[in-house]
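> First residue of the sequence shown? That's 56 in the working numbering, and the numbers climb one at a time after it.
Ideal Cβ positions, reconstructed from N, Cα and C, are used throughout, including at glycine.
Here the structure is a predicted model, which is why all the values come from computation and not from measurement.
Handing you this structure, nothing more for now.
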Amino acid sequence: CEEPTGGTSWAGGSICKKDTGGTCKWFSCDASRGYTKCSKHPSTFYRCVCQDGYCAKGGQCVKKGSGLCNQDTGGTCNLFSCSGSRGHTT
56 CEEPTGGTSW AGGSICKKDT GGTCKWFSCD ASRGYTKCSK HPSTFYRCVC QDGYCAKGGQ
116 CVKKGSGLCN QDTGGTCNLF SCSGSRGHTT
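This is the structure we're talking about:
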């Protein structure tokens, strides 16, 4: 995965999500989530997000380039090819 811009990156067909799904308003992010930081979301709740150099995968932060980053863009291509907005896809 590449460094995200605004939370998501479309590099090489990979999406690098930062949000692990954990919350941290009252307590720190759980250590099982890996390299996280507590980030205040605009709607006033606090989320555990991956630090720079890491992507969220299965609720944990994994190092970019480890081959464990999510490569599902969320789009479908049953009838038409993938949209160009999804970056390079295979």
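With a Cβ-Cβ cutoff of 8 Å, do THR78 and GLN115 count as a contact?
Within the sequence shown, numbered from 1, the residue matching residue 78 stands at position 23. Within the sequence shown, numbered from 1, the residue matching residue 115 stands at position 60. Contact: no.
> Specify, as a first and last residue, the run of the beta strand (DSSP E) that TYR109 falls within.
Walking along the sequence shown from the start, residue 109 turns up at place 54. Run containing TYR109: 109–112, per the beta strand (DSSP E) assignment.
> Taking GLN106 as the reference, which of CYS132, TYR90 and LYS95 has the closest Cα?
On the sequence shown, position 51 is the one that residue 106 refers to. Minimum Cα distance to GLN106 is reached at TYR90.
> So what's SER94 in DSSP terms, helix, strand or just coil?
As a first step, residue 94 is located in the sequence shown; it is residue number 39 there, counting from the start. Reduced to three states, the DSSP call for SER94 is strand.
> Leaving out five residues before and five after SER138 in sequence, what residues of the same chain have Cβ atoms less than 7 Å from its Cβ?
Here residue 138 is taken as the residue at index 83 of the sequence shown, counted from 1. Closer than 7 Å at Cβ, skipping near neighbours: GLY130.
> Give every residue of the same chain whose Cβ lies closer than 7 Å to the Cβ of LYS80, excluding the five residues on either side of it in the sequence, and list them in chain order.
The residue you call residue 80 lines up with position 25 of the sequence shown. The answer, listed in chain order, is PHE100 and TYR101.
> Quick check on ALA66: does DSSP put it in helix, strand or coil?
Residue numbering aside, residue 66 sits at position 11 when the sequence shown is read from its first letter. Interpretation of ALA66 is limited by its pLDDT of 40, a score under 50 that renders its predicted location unreliable; no figure is taken from the coordinates.
> For ASP85, I'd like the list of residues in its chain whose CB is within less than 7 Å of its CB, leaving aside the five on either flank, ordered along the chain.
Taking the sequence shown and counting its residues from 1, the one referred to as residue 85 is at position 30. Once the five neighbours on either side are set aside, the close Cβ partners of ASP85 are GLY77.
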